[in-house]
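Single-structure report; data block below.
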Amino acid sequence: MKMQRTAVIRRDYLHYIRKYNRFEKRHHNMSVHLSPCFRDVEIGDVVTIGLKVSRRTGSKKSLKKF
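In terms of the UniProt record's numbering, the sequence shown opens at residue 1 and continues consecutively.
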């Protein structure tokens with residue numbers, strides 16, 4: 001069975017529309033690895049992500065703590 005240790009995280013944010021001087025709601029879904037030590041995670045739980053993906057010069061991505 002696929003995606004046994006994968007969780008989908010929804011990141012909600014507001015995007016500013018300059019023309020209308022308003023914000024609109026947007027979201028991104030990210031698939032993340034769910035370590036076996038987090039067995040008690042259920043649908044709807046609020047989680048904190050510890051690493052931030054930032055783009056470097058070039059095509060590679062790097063991880064940094066925030």
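Don't be surprised by glycine CBs; every beta carbon is placed ideally from N, CA and C.
Just so we're clear, the structure is a prediction, and the values are computed from it rather than from any experiment.
(Q) Below 7 Å, is the gap between the Cβ of residue 44 and the nearest heavy atom of the ligand SAH? (A) Among the ligands in the structure shown, none appear at all, so the ligand SAH cannot be discussed.
Q. Whole-angstrom Cβ separation of residue 27 and residue 39, contact assumed at under 8 Å?
A. As a working note, residue 27 is residue 27 in the sequence shown. As a working note, residue 39 is residue 39 in the sequence shown. Beta-carbon to beta-carbon, residue 27 and residue 39 are separated by about 26 Å, too far to satisfy the 8 Å threshold.
Q.
If I measure Cβ to Cβ from residue 45 and keep anything under 8 Å in the same chain, skipping five residues before and after, which residues do I get?
A. In the sequence shown, the residue the question calls residue 45 occupies position 45. Taking residue 45 as the centre and dropping the five residues before and after it, the same chain places no C-beta closer than 8 Å to its C-beta.
Q: Put residue 30 into one of helix, strand or coil per three-state DSSP.
A: The residue labelled residue 30 in the question sits at position 30 within the sequence shown. Strand at residue 30.
Q. From this set, 48, 22 and 7, which residue's C-alpha is nearest residue 14's C-alpha?
A. Translated into positions along the sequence shown, residue 14 becomes position 14. Nearest neighbour of residue 14 by Cα position, chosen from 48, 22 and 7, turns out to be 22.
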